[in-house]
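Protein sequence lines correspond, in order, to chains A and B.
All the letters of the first sequence, read from the start, carry residue numbers 170 to 502 under the numbering used here.
All the letters of the second sequence, read from the start, carry residue numbers 185 to 429 under the numbering used here.
Below you'll find the structure, written out as structure tokens, and then a few comments.
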Amino acid sequence: MNIRRRIATVVGAFAIFTIAVLVFAPTVGSTSISLRTAFDRSIAWDNNVDAQIFFVARLPRVLSGALVGAALAAAGVVLQALLRNPLATPFTLGVSAGGALGAMIAISLGLDLGLLGVSSVPIASFTGSLIAIAIVYALASSQKRGLSTNVLLLAGVTLNSFFSALILFVQYMSDFTQSFRAVRWMMGDLDVGNYVPIVAALPFLVCAFAVFAALPRTLNLLTMGEDVAAARGVEVTRAQRWAFLSASLATGAAVSLGGPIGFIGIIVPHIVRLMVGSDHRIVLPAAVLFGAAFTVLCDLAARTVMAPVELPVGVITALIGGPFFLWLLVKRS
Amino acid sequence: MVDGVTLRLTDGTLAGILGPNGSGKTTLLRLLSGTRRPSSGTVRLGARRLDQLSRRDVAQQIAVVPQDTELAFEYSAIEIVLMGRHPHLGLFTVEGPDDIRIAQEALAATGTAHLADRPFHQLSGGEKQRVVIAAALAQSAQLLLLDEPTASLDLGYQLEVSSLLKRLNRDHGVTMAISTHDLNLAASICRELILMRDGRVVATGPTNEVLTPANVRLLYDVEADVHVHGETGHMTVVPLRRIVS
């Protein structure tokens, strides 16, 4: 029995798969392009359609898909462990609803206050997420001792429905075009158009992932219950704070980049657990890698199955993820 | 919940904490393990105050066995036991050969070595409790605190777990404090008893001195017959009737 080797082997296998997907995905699409032409520096950019398709239409989309997928899958793993509930998702604690409300307001008001080249909708969405995080966090830590995961869950679920009501209100008040844009945003869209939003989301994701890297063994113990974790040497409240804040930050950044793409944060962790067990030292990195690959593949399907019509990626994640999950459950029992 | 308690657990003892529901047994165990801090007074571990030690330092010296272990996710028995090594590992350290050896020894000591790779949730109640005790042993702590370790077990498993605890104390020198409702379990394995009622310690001392009909009545309002069992040589308690006051 060698735990280090097992972690390295399993995570390595996931890494190879994900890298293969990331290399493959931008080469495929409704228009076939020649990679040789795309990378040919001797052709002027303006005349090089293949390069434009590859670098402007596809690569940012694949990169944002990978980041969004990795972030949502990891946030799902962390929140499921924190709440000791395999049915928790990154959207359970109201962060994404806050993000969605922010985006809705920006769309409805037609806000055009770009900051450093990032357009108003992702900024408003991320701000909404931060506000939701602050509210839930304040409620959950208002008790005398520590962070209550029960209050966290109740406050999150309540905030979710409250924000959803506000979203409906904002949509009702907006005109037809704005409503249409809003609905499209809610479906999730990885067509970010350029690299600016990716670069803008990156620092937040890096912070969240840095915390994730230190969490896995503590998450194992948190799933055993707070008392057991404390008795095994975990500073429970501190660990819960870090877990909640990092998972929420990752969720907020992911939603601002790609919209609230459903199912990734619950299906990817489950598929990974069915394959590799529950040790978070394997589950968390594997979910990051598999979440990236899964989302990129779903988006690849979204832009090719009905080409030239492009489907929202959220529809595909639900269509592929749901049945696959059921199949895995049946196969296992 | 617990008030004015002064007590001392000596090295190598196996102490039973007895008392009716709500008497503060669990709270006392939490105070002893440092997962709860006293509003006044101090808990000391050797020369040092418990609240001045980090959770990690405490966990290196005190291990806890909860009454029930509910898992939200599936782990194998050996994975559960290896989690006991947590306080001995750095943030990014992965268990090495020594940790795995200690975990395997802990499984062997609790008679569960053959269950190592079995999913924990598929084990029987007695097997689960023995694996959880193995996890506490893998913590390499000097003191083991057990909260009603046999409460949810049937008679066979109760016997299995209680003889395991006795053996661990006798052969491995593990110091233990056990809260329990089972007077006969306490009588059969505990060297000394701590009797609690309404958050206070009402009596302490060697089992054969403290476990008297008068004390049973004091604790539970139950009239009981206490005598030495011929075959086993330890005391047995037969409850006779409840005294309505």
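Glycine included, each C-beta is placed from N, C-alpha and C at the ideal position.
Remember, it's a predicted structure, so these values are computed and weren't measured experimentally.
*Taking C-alpha atoms, which residue in A/224, A/423, A/197, A/409 lies nearest to residue 317 of chain A?*
A/409
*Kindly identify the DSSP beta-bridge partner or partners of residue 329 of chain B.*
B/248, B/361
*asked:* Tell me which residues of the region 223-240 of chain B have at least one Cβ-Cβ distance to chain A shorter than 9 Å, keeping chain order.
replied: 238, 239, 240
*Would a C-beta distance cut-off of 8 Å place residue 258 of chain B and residue 298 of chain B closer than the cut-off?*
Their beta carbons are not under 8 Å apart, which means residue 258 of chain B does not touch residue 298 of chain B by this criterion.
*What's the call for residue 376 of chain B, buried or exposed, on a 16-neighbour Cβ count within 10 Å?*
buried
*Whole-Å CB distance - residue 195 of chain B paired with residue 359 of chain B, under 8 Å assumed*: That pair is a contact at about 6 Å.
_residue 383 of chain A: contacting residues in chain B (beta-carbon distance under 9 Å)_ = 275, 276
*asked:* Out of A/384, A/490, A/205, A/298, which one is the CA nearest neighbour of residue 411 of chain A?
replied: Residue nearest to residue 411 of chain A within the set A/384, A/490, A/205, A/298 is A/384 (criterion: CA-CA distance).
*residue 256 of chain B beta carbon less than 8 Å from that of residue 253 of chain A*: Contact flag set, yes.
*Measure the alpha-carbon distance for residue 343 of chain B versus residue 256 of chain A and round it to whole angstroms.*
38 Å
*Select from A/336, A/186, A/448 the residue whose C-alpha is nearest the C-alpha of residue 386 of chain A.*
Looking at the Cα atoms, A/448 is the closest of the given residues.
*Three-state secondary structure (DSSP) at residue 198 of chain B?*
strand
*Tell whether a beta-carbon distance below 8 Å holds between residue 217 of chain B and residue 246 of chain B.*
yes
*With a Cβ-Cβ cutoff of 8 Å, do residue 248 of chain B and residue 215 of chain B count as a contact?*
no
*What does residue 256 of chain B reach in chain A if we use C-beta pairs closer than 7 Å?*
Near residue 256 of chain B (Cβ distances below 7 Å), the residues of chain A are 253, 254, 255, 392.
_Tell me the rounded alpha-carbon separation between residue 442 of chain A and residue 336 of chain A._
34 Å
*asked:* For the structure I just gave you, are there three or more beta carbon pairs, one from the region 425-432 of chain A and one from the region 355-374 of chain A, closer than 8 Å?
replied: yes
_Interface residues of chain B facing residue 389 of chain A [CB-CB closer than 7 Å]_ = 267
*asked:* Between B/338, B/389, B/277, B/379, which has its C-alpha nearest residue 312 of chain B's C-alpha?
replied: B/338
*Straight-line CA distance for residue 275 of chain A to residue 270 of chain B?*
Taking the Cα positions, residue 275 of chain A is about 47 Å away from residue 270 of chain B.
*Applying the criterion that 16 or more other CB atoms from any shown protein chain within 10 Å of the CB defines a buried residue, is residue 385 of chain B buried or exposed?*
buried
*Name the DSSP bridge partner or partners of residue 376 of chain B?*
In DSSP, residue 376 of chain B forms a bridge with B/199, B/390.
*Taking Cβ-Cβ distances shorter than 8 Å, what residues in chain A pair up with residue 279 of chain B?*
172
*asked:* DSSP three-state label for residue 170 of chain A, please.
replied: The three-state reading of DSSP puts residue 170 of chain A in coil, since its state is none of H, G, I, E or B.
_So, for residue 196 of chain A: in the same chain, excluding its five sequence neighbours on each side, which residues have a beta-carbon less than 7 Å away from its beta-carbon?_
204
*What are the partner residues of residue 425 of chain B, as DSSP defines its beta bridges?*
B/407
_For residue 263 of chain B, would you say it is in contact with chain A, using Cβ-to-Cβ distances shorter than 8 Å as the test?_
For residue 263 of chain B, the answer is yes, since a Cβ of chain A falls inside 8 Å of its Cβ.
*asked:* Suppose contacts are defined by Cβ-Cβ distances below 8 Å. Is residue 317 of chain B in contact with residue 350 of chain B by that definition?
replied: no
_For residue 212 of chain B, the nearest candidate out of B/378, B/321, B/413 (CA to CA)_ = B/378
_Using C-beta distances below 8 Å, list every residue in its chain close to residue 191 of chain A, excluding the 5 sequence neighbours before and after it, in chain order._
231, 235, 461, 462, 465
*Taking Cβ to Cβ, would you say residue 321 of chain B is nearer than 8 Å to residue 290 of chain B?*
Judged by beta-carbon spacing, residue 290 of chain B lies within the 8 Å limit of residue 321 of chain B, meaning their Cβ atoms are closer than that value.
*Check the Cβ of residue 250 of chain B against every Cβ in chain A and list those closer than 7 Å, keeping chain order.*
Simply 396, 397.
*Considering only residues of the same chain and omitting the five flanking positions on each side of residue 310 of chain B, which have a CB-CB separation below 6 Å?*
337, 341, 344
*Could you tell me which residues DSSP puts in a beta bridge with residue 412 of chain B?*
B/419
_In the DSSP output, which residue or residues are listed as bridge partners for residue 303 of chain B?_
B/260.
*Using a C-beta cutoff of 8 Å, does residue 323 of chain B count as contacting chain A?*
Taking CB atoms only, residue 323 of chain B has a neighbour in chain A less than 8 Å away.
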